[in-house]
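Report on one structure; see the data block that follows.
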Amino acid sequence: MRSDRVAAALVRLKYIRNASDLVSEVRKKSFRVLSTSAPQTLTEAVRSKIEPMKAQVHVVREQFGEEVLGTCTVNQAYGGMRSVKSMVYETSLLDPEEGIRFRGYSIPECQKLLPKAKPAGEQPLPEGLLWLLLTGDIPTESQVQSVCMDLKQRATVPEDVLHFLDRLPHKRLHPMTQFTIAVNLLQRDSRMTEAYAHGAAKSAYWEHCLEDALTLIARLPVIAARIYRNTFHGAKHIPLETTANADDMGKRLARSLGFESTEFDELMRLYLVLHADHEGGNVSAHAVRLVGSALSDPYLAFAAGLNGLAGPLHGLANQEVLRWLLQMKEKLGGRPMTTENLTELCWQTLREGHVIPGFGHAVLRRTDPRYTAQREFALKYLPHDEMFQLVSKLYEVVPQVLEEQGKVKNPWPNVDQHSGVLLRYYGLVESNFYTVLFGVSRAIGTLSSLVWDRALGLPIERPKSVTTQWIRDHFEKRSVSA
Ligand code: HAX
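In the numbering used here, the protein residues as written are 54 to 535.
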């Protein structure tokens with residue numbers, strides 16, 4: 054009976070043709086609206102998707118709500134909840150073998166289908182990915198242009214916030230710490246917090262959340278550049294006129310950091326796309342979701358995500374890899390990069406009790422396609438770079454070493470193995486800064502997802518925890534009664 058009502062609603066929304074389509078549509082990967090006129094603004098595009106998506110969730114819960122999605126063993130509870138399926142996250146999905154798909158599109162598909170910078174850009178514009186993640190649709194050129202213009206207009210940071218950042222002790226504060234301070238400072242502008250204080254309806258939270266998300270995403274390159282120039286370039290900031298012609302986020306970021314090359318613009322576009330989202334369970338994405346579930350606004354939620362990203366097993370690996378590669382080069386001391394020499398140095402890292410940064414993954418079981426996309430970029434633009442050659446050689450060596458060590462579940466390289474050598478090649482040599490770039494990108498995915506959390510009215514997160522004593526009592530009691 055309730056399914057009949059849902060089917061009628063879906064027909065009304067032009068989501069299915071008749072009630073008998075319902076079951077087959079539920080089984081498909083995703084619903085598509087049967088006919089729409091293409092909305093020009095991102096807000097309108099998201100708005101047009103919310104009711105159909107709510108209806109889809111309703112149908113799925115109606116049909117499968119009592120099915121078991123995953124289980125959790127005692128070992129998983131102690132083991133970082135690895136592989137426990139207990140969360141729904143719409144913007145991306147990570148397959149262990151194939152890697153990430155953004156709204157169903159693989160990285161090569163995104164590179165092919167998303168609009169590029171005019172006249173000769175080859176990498177997808179991050180603004181196109183933002184549209185895709187928020188709406189589920191590949192945007193048209195004009196839709197992407199509207200996002201580019203919108204973000205460009207929002208890309209200003211209040212002077213007092215910049216001055217506060219200028220006065221931080223740059224040499225003693227890691228750039229990621231400065232970054233989270235900046236995001237927390239900007240929180241005073243949150244439209245969501247303001248709307249909540251004025252009694253906004255729950256059904257309207259998503260729009261305030263989207264407003265905050267867009268403003269924050271637009272401001273992050275400005276903040277990142279300020280931190281970079283303060284910390285590494287004696288507070289010599291790039292004049293605003295220099296970035297006036299930069300119509301997309303990647304180019305604006307590149308130019309405000311102080312880089313003038315069109316290749317580096319392309320690298321920034323690629324970097325911002327690749328690091329944006331990696332489904333919901335990784336530390337930064339989950340932190341944003343968790344903190345946002347308390348209705349903390351997008352600034353507060355994203356600052357939490359950044360703090361997670363700053364850990365060496367997660368986003369800080371971006372910086373750790375380059376340091377490790379440079380140490381390798383130093384230890385080689387002019388000896389050739391042979392398999393034998395590199396193998397010995399890898400074992401040295403392991404014997405010293407360290408992980409080999411940039412290898413392994415909690416979910417992936419093959420080479421990360423984000424690594425592959427960066428490798429392709431390197432093969433095109435810097436095939437003879439010595440550090441790229443080192444990375445290439447390690448691709449042959451490290452998996453064998455890790456296999457032989459016998460502990461890791463995935464001996465293959467992840468995204469962080471490659472990014473540092475690309476940035477360094479173009480002169481961005483300050484590896485302490487790399488995770489800030491990662492954070493600028495991660496906002497695109499995690500905040501898109503946060504908008505959907507509010508659009509779907511997801512509740513505060515509160516999984517159940519137990520103690521070791523509880524586990525003992527529970528299972529001992531069970532074995533006595535058996
Ligand atoms: N080098 C050496 N040992 C490694 C290893 C590596 N690259 N990767 C995993 N291991 C070890 C683990 O430390 C663990 O050892 P213990 O049993 O002694 O604790 C064992 O192998 C099993 O670990 P796993 O199940 O294969 O991996 P996890 O899911 O626990 O951890 C990590 C996944 C990514 C954290 C891990 O592979 C790692 O530390 N890699 C190096 C750091 C890194 O590159 N991090 C970035 C990952 C991508 C990302 O999030 N980017 O932001």
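Quick reminder that beta carbons are idealized off the backbone N, C-alpha and C, glycines included.
Counting the other Cβ atoms within 10 Å of the Cβ of F528 gives fewer than 16, which makes it exposed. By the C-beta density criterion, L432 is exposed, having fewer than 16 other C-beta atoms within 10 angstroms.
Cβ-Cβ separation between L490 and Y324: approximately 6 Å, consistent with a contact (criterion under 8 Å).
In the structure shown, the three-state DSSP call for P466 is strand.
Secondary structure within the stretch 145–212: the alpha helix (DSSP H) runs of 4 or more consecutive residues, fully enclosed, are 160–166, 179–188 and 194–207 (chain order). Boundaries of the alpha helix (DSSP H) harbouring M229: P228 to L239, taken from the DSSP string.
For the 7 Å CB-CB criterion, E483 and F217 do not form a contact. For C399, the enclosing alpha helix (DSSP H) has its first and last residue at T392 to R404. Burial is judged here by how many other beta carbons sit within 10 angstroms of a residue's own beta carbon; H331 has at least 16 and is buried.
A347 sits exposed, since fewer than 16 C-beta atoms from the chains shown fall within 10 Å of its C-beta. For F312, the secondary structure class from DSSP, reduced to helix, strand or coil, is coil.
In this structure, N394 has its beta carbon at no less than 6 Å from each heavy atom of the ligand HAX. Counting only residues of its own chain and dropping the five nearest sequence neighbours on each side, T296 has a CB closer than 6 Å to the CB of R305, R308 and S309.
Proximity of the beta carbon of A370 to the ligand HAX is indicated: a heavy atom of the ligand is located closer than 6 Å. Nearest neighbour of A91 by Cα position, chosen from Q231, I513 and T188, turns out to be T188. Take R419, set aside five residues on each side of it, and the residues of its chain with a beta-carbon closer than 8 Å to its own are P149, E150, E151, G152, N463 and W465, in chain order.
As the crow flies, the alpha-carbon of E383 is around 37 Å from that of R135. The ligand HAX has no heavy atom closer than 6 Å to the beta-carbon of V121. The Cβ-Cβ distance between Y487 and Q372 falls below 7 Å. Contact between L343 and E514 is confirmed by a C-beta separation of about 5 Å, below the 8 Å threshold.
Y424 sits close to H471, with the two beta carbons spaced by under 7 Å. At a cut-off of 6 Å, the beta-carbon of P422 does not count as near the ligand HAX: no heavy atom of the ligand is closer than that. Contact annotation: L320 and G492 have beta-carbon atoms that are not nearer than 7 Å. Checking the DSSP bridge columns, you'll see F441 has no partner listed. Spatial neighbours of P422 in its own chain (CB-CB distance under 8 Å, excluding positions within 5 residues in sequence) are listed in chain order as E151, G152, I153, S159, I160 and P161.
Note that the stretch 501–509 touches the stretch 258–268; at least 3 beta-carbon pairs, one per stretch, sit closer than 8 Å. The C-beta separation of G345 from A354 comes to about 4 Å, placing the pair in contact by the 8 Å criterion. A check of alpha carbon separations from V99 across A257, H328 and V127 identifies A257 as the nearest.
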